[in-house]
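Trainee: Numbered according to our numbering, the sequence shown terminates at residue 395, and the numbering increases by one at each position without gaps.
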Amino acid sequence: MRFLVHTVLLLGLLLAGGTLAMAQESTPASPSSGASLTVVLDGVTAPRGFAWGPDGTLHLALAGSGGDARFPIAEGYTVATGLTSSVVTVADGCATPLVQGLVSSLWEEMGWTWGAMDVAFLDGDLYLLLSGAGPTWGSPSASSGVFRRNDDGTLALVADISTWLVSHPPAFVPPDYATDGSLFDLEATSDALLVSEAVGGQIIRITPDGEMRTLADLSEQHPVPTGIAVDADDNVYVTFETTPPYADGSNKVVKIAPDGTVTDAWTGLTRVADLAFGPDGKLYAAELSTNNTESFPFVLPHTGRIVRQSGPDTMDIIVDGLDFPVGLGFDGDGALYVSGPANGATPEDGANAGAGWLARVAMNGGDDAATAATPTCADPAA
């Protein structure tokens, strides 16, 4: 359990520092920029990454609310685990469960939840990234890794990252490292899947038959890689959350060429959770928070932004005033979507179920995205 303690302590600071200030929020907040938001889904718990299937159906990962199995990881800190994580499809304001009963691990004091972290499609198959499972998480019969959904609705473990990391540690092993990893993002290339392991600092390449290798070891100086984006030539772009106090402009995006060469692609960012290429070919980033402070909890609510690269070290602000945006993506029609908040629990209200949302962004102040339909389901929450 020593390694889990280190992992949770750091990730809590990184991803949940502003929880108490934003608890009970169930909307993205009002942006002060010219863009407008349309909430297409709310009332969900711990939304993470999302992707569209070949038929255009939107799939969303929900990390869940932990569970009833509570155990102390250090004095004053408790993880609650259960099977409350899931993957849902989203349509007409409703979330329909597609995969249920996945491992969910909630750090109660800070409100960050590990579970289903992201989804991606490769060759028409749905893959999901699961974190918060494995021996260091108190669930030795489960594994963190990548799963494929079979035609009959069952899941197949494609990549057992929990086992792989034991024999493939990062070059720099930080004090908060755990061999089950803290998996964050899942993206598809033309022929493989990529996973970011945030604490260990590795980008892992996984083939559909389960072969794994380190695409890039980014562990030096412990930058905490998070979001991944892939361009048309299979160049990989990775961003970081960094560590406290998250000084404005201290973050960046790096480009990983197919031969493994790593170069800076975009500097001047702050505490980024996700990346995406827009239909204009430009990089977009979701900054969890800006104007961060030098003392605990370091971050402020209603300061998250979506920005677009305008130069090597410059950006355009697309929307600001967001509460800890965590997932970013464009649909087939070029509309921009964002999920959040990154966390939503307090010691008083447990998992604060129902605080999550998914929104569509109308850029340039125009209504360039269709409005959300009135929900037709009995209960739009999942």
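Beta carbons are placed, not taken as given, at the ideal position from N, Cα and C, and that holds for glycine.
Could you give the distance in angstroms between the alpha-carbon of residue 98 and the alpha-carbon of residue 269?
Mentor: On the sequence shown, position 85 is the one that residue 98 refers to. On the sequence shown, position 256 is the one that residue 269 refers to. Rounded to the nearest angstrom, the two C-alpha atoms are 32 Å apart.
Trainee: At the level of alpha carbons, what is the spacing between residue 370 and residue 57?
Mentor: Along the sequence shown, one-based indexing puts residue 370 at 357. Along the sequence shown, one-based indexing puts residue 57 at 44. If you take the alpha carbons of residue 370 and residue 57, they lie about 6 Å apart.
Trainee: Between the region 212 to 219 and the region 184 to 203, can you find at least three pairs of beta-carbon atoms closer than 8 Å?
Mentor: Yes, the region 184 to 203 touches the region 212 to 219.
Trainee: In angstroms with no decimal places, state the Cα-to-Cα distance between residue 375 and residue 112.
Mentor: For this step, residue 375 is matched to residue 362 along the sequence shown. For this step, residue 112 is matched to residue 99 along the sequence shown. The straight-line gap from Cα to Cα measures roughly 30 Å.
Trainee: Where residue 396 and residue 63 are concerned, what is the direct C-alpha to C-alpha distance, given to the nearest angstrom?
Mentor: The question about residue 396 has no answer, for the chain in this structure spans 14 to 395.
Trainee: Quick test of your reading: residue 228 and residue 273, contact by CB under 8 Å. State the CB separation rounded to the nearest angstrom.
Mentor: One-based indexing of the sequence shown puts residue 228 at position 215. One-based indexing of the sequence shown puts residue 273 at position 260. At roughly 7 Å, the Cβ-Cβ gap stays under 8 Å, so residue 228 and residue 273 are in contact.
Trainee: Could you spell out where the beta strand (DSSP E) holding residue 312 opens and where it closes?
Mentor: On the sequence shown, residue 312 is found 299 positions in, with the first residue counted as 1. Premise fails: residue 312 is in no beta strand (DSSP E) and is neither H nor E.
Trainee: Straight-line CA distance for residue 12 to residue 48?
Mentor: There is no way to answer for residue 12, as the model of the chain reaches only from 14 to 395.
Trainee: Residue 199 and residue 131 look like a contact to me (Cβ under 8 Å); what is the Cβ gap, rounded to whole Å?
Mentor: For the purposes of this step, residue 199 is taken as the residue at position 186 of the sequence shown. For the purposes of this step, residue 131 is taken as the residue at position 118 of the sequence shown. Their Cβ separation, rounded to whole angstroms, is 4 Å, which keeps residue 199 and residue 131 in contact under 8 Å.
Trainee: Report whether the distance from the Cβ of residue 238 to the nearest heavy atom of the ligand ADP is below 7 Å.
Mentor: With respect to small molecules bound, the structure shown includes none, and the ligand ADP cannot be examined in it.
Trainee: Between 102, 80, 101 and 326, which has its C-alpha nearest residue 92's C-alpha?
Mentor: The residue given as residue 92 occupies position 79 in the sequence shown. When only C-alpha atoms are compared, the closest one is 80.
Trainee: Taking contact to mean at least 3 C-beta pairs separated by less than 8 Å, is the region 115 to 134 in contact with the region 181 to 188?
Mentor: Verdict: no, contact absent.
Trainee: Check residue 283 in the structure and name its three-state DSSP category.
Mentor: Here residue 283 refers to the residue found at position 270 when the sequence shown is read from its first residue. Residue 283: coil per DSSP, three-state reduction.
Trainee: Of the choices 295, 252, 311 and 309, whose alpha-carbon is the least far from that of residue 339?
Mentor: As a first step, residue 339 must be located in the sequence shown, where it is residue number 326. Nearest option by C-alpha distance: 252.
Trainee: Just reading off the alpha helix (DSSP H) that residue 177 is part of, what are its end residues?
Mentor: For this step, residue 177 is matched to residue 164 along the sequence shown. 174 to 180 is the extent of the alpha helix (DSSP H) around residue 177.
Trainee: So the beta strand (DSSP E) residue 352 belongs to, where does it begin and stop?
Mentor: Taking the sequence shown and counting its residues from 1, the one referred to as residue 352 is at position 339. Taken as a continuous stretch (DSSP letters only), the beta strand (DSSP E) holding residue 352 covers 349 to 353.
Trainee: Can you tell me the Cα-Cα spacing of residue 358 and residue 123, whole angstroms?
Mentor: Within the sequence shown, residue 358 is the residue found at index 345, counting from 1. Within the sequence shown, residue 123 is the residue found at index 110, counting from 1. Because the pLDDT of residue 358 is 39, which lies under 50, any placement of that residue in the model is unreliable, and the number read from its coordinates should be weighed accordingly. Looking at the two C-alpha atoms, the distance is approximately 7 Å.
Trainee: At the level of alpha carbons, what is the spacing between residue 8 and residue 202?
Mentor: Since the first residue shown for the chain is 14 and the last is 395, residue 8 is missing from the structure and cannot be characterised.
Trainee: Within 10 Å of its beta-carbon, does residue 82 have 16 or more other beta-carbons around it, so buried, or fewer, so exposed?
Mentor: Within the sequence shown, residue 82 is the residue found at index 69, counting from 1. Its Cβ having fewer than 16 others within 10 Å, residue 82 is exposed.
Trainee: Going straight from the alpha carbon of residue 326 to that of residue 163, what length do you get?
Mentor: If you number the sequence shown from 1, residue 326 lands on position 313. If you number the sequence shown from 1, residue 163 lands on position 150. Distance between the alpha carbons of residue 326 and residue 163 is about 43 Å.
Trainee: According to DSSP, simplified to helix, strand and coil, what is residue 376?
Mentor: For the purposes of this step, residue 376 is taken as residue 363 along the sequence shown, with counting starting at 1. Note: residue 376 maps to helix in three-state DSSP.
Trainee: Comparing C-alpha positions only, which one of 121, 290 and 173 sits nearest to residue 142?
Mentor: One-based indexing of the sequence shown puts residue 142 at position 129. It is 173.
Trainee: So, are the CB atoms of residue 399 and residue 136 less than 8 Å apart?
Mentor: Past the boundaries of the shown model lies residue 399; the chain is included only from 14 to 395, so the question cannot be answered.
Trainee: Does the separation of the CB atoms of residue 283 and residue 263 fall below 8 Å?
Mentor: In the sequence shown, the residue the question calls residue 283 occupies position 270. In the sequence shown, the residue the question calls residue 263 occupies position 250. Their beta carbons are under 8 Å apart, which means residue 283 touches residue 263 by this criterion.
Trainee: Tell me where the beta strand (DSSP E) around residue 306 begins and ends.
Mentor: As a working note, residue 306 is residue 293 in the sequence shown. Counting along the chain, residue 306 falls outside any beta strand (DSSP E), and DSSP gives it neither H nor E.
Trainee: Figure out for me which residue from 225, 336 and 117 has the closest Cα to the Cα of residue 94.
Mentor: Here residue 94 is taken as the residue at index 81 of the sequence shown, counted from 1. Nearest option by C-alpha distance: 117.
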